[in-house]
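> Residue numbers (full-length UniProt numbering): 1 to 185. Mind looking over this structure? Questions follow.
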Amino acid sequence: MDVQSLLQISSTFATSLHRLPAVNRRSSSYQLKRRLNTTSSQLQALTQFDTGVTSSSGPVPSHKVTVHDRQRGLTHHFVVPEDQYILHTAEDQDIKLPFACRHGCCTSCAVRVKSGQLRQPEALGISAELKSQGYALLCVGYPSSDLEVETQDEDEVYWLQFGRYFARGPIERDDYALELAMGDE
């Protein structure tokens, strides 16, 4: 491989690496390797060049994750490395779970932890109070142990998170008002 190609791959790798959370950087090398069709030794050299970190620090622990999908009536069992998002790993294994934003900002992928632990430092869609009650977001959750979770109704979790900000309670659908509004158009 010539120097120009190596520099171009190095630049691409550094840009990709910069956009990922620090805890997920090890997995980015696998994804980048697939996209660029490079060898492990070439990629390891690039990792050392750009970040000073090699992937030879040992295997990442993995944990068994069980998701009870209440909406679909299914139970999924799969293994997730500690440095991978639970939702992404499920999708890589063709497991369909509820999601929307993929950034931890909504409640579409909300679950209630039945047993085990997970880390979710980027979960903005649920408060510290809800986290302490066992709620979590799969899109930004990393397993810390074997884990069993149950999907939740998105509206219910949204209400628990934001309901106190609506003084009169949940908004009721008003079909008559909707008909009037649609008639004006």
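Positions of the beta carbon are idealized from the N, C-alpha and C atoms, including for glycine.
According to DSSP, which residues form a beta bridge with K64?
Sequence index remark: in the sequence shown, residue 64 carries index 64 (1-based). Answer is V79, bridged to K64.
> Which residues does DSSP list as the beta-bridge partners of E150?
Here residue 150 corresponds to residue number 150 of the sequence shown, with the count starting at 1. Paired residue(s): H68 and R112.
> Alpha carbon to alpha carbon, what distance is there between E91 and G183?
Position 183 of the sequence shown holds residue 183. Position 91 of the sequence shown holds residue 91. Answer to the nearest angstrom: the Cα atoms are 43 angstroms apart.
> Expressed to the nearest angstrom, what Euclidean distance is found between the alpha-carbon atoms of W159 and P143?
Here residue 159 refers to the residue found at position 159 of the sequence shown. Here residue 143 refers to the residue found at position 143 of the sequence shown. C-alpha separation (whole angstroms): 26 angstroms.
> If I measure Cβ to Cβ from G134 and keep anything under 6 angstroms in the same chain, skipping five residues before and after, which residues do I get?
Mapped onto the sequence shown, residue 134 falls at position 134. The answer, listed in chain order, is R112 and V113.
> If I measure Cβ to Cβ from A136 and keep anything under 6 angstroms in the same chain, skipping five residues before and after, which residues do I get?
Taking the first residue of the sequence shown as position 1, residue 136 is located at position 136. So the qualifying residues of the chain are V111, V113, L118 and Q120.
> Reducing DSSP to helix, strand and coil, say where M182 ends up.
Counting from 1 along the sequence shown, the entry for residue 182 is found at position 182. Three-state result, M182: helix.
> Can you give me the C-alpha to C-alpha distance between D175 and R70, rounded to a whole angstrom?
Here the question's residue 175 lines up with position 175 in the sequence shown. Here the question's residue 70 lines up with position 70 in the sequence shown. If you draw a straight line from the Cα of D175 to the Cα of R70, it comes to about 29 angstroms.
> Take S62 and list the residues in its own chain whose beta-carbon comes closer than 6 angstroms to its own, dropping the five residues that flank it on each side.
For this step, residue 62 is matched to residue 62 along the sequence shown. Shown here for S62: same chain residues with a beta carbon closer than 6 angstroms to its own, the five before and five after excluded, namely V79 and P81 in chain order.
> Bridge partners for R119 per DSSP, in chain order?
Taking the first residue of the sequence shown as 1, we reach residue 119 at position 119. Per DSSP, Y142.
> Considering only C-alpha positions, which residue in the set A181, D155, A123 and Q152 is nearest to Y85?
Mapped onto the sequence shown, residue 85 falls at position 85. Ranking A181, D155, A123 and Q152 by Cα distance to Y85 puts A123 first.
> Give the single residue among G73, V65 and R72 whose Cα lies nearest to the Cα of L87.
Position 87 of the sequence shown, counted from the start, is the residue given in the question as residue 87. Checking every option, the nearest Cα to that of L87 belongs to V65.
> Rounded to whole angstroms, what's the CA-CA distance from G141 to L180? Just pull it up for me.
Within the sequence shown, residue 141 is the residue found at index 141, counting from 1. Within the sequence shown, residue 180 is the residue found at index 180, counting from 1. Cα to Cα, G141 sits roughly 44 angstroms from L180.
> Tell me which residue opens and which closes the alpha helix (DSSP H) that A128 is part of.
In the sequence shown, the residue the question calls residue 128 occupies position 128. Here the alpha helix (DSSP H) through A128 covers A128 to S132.
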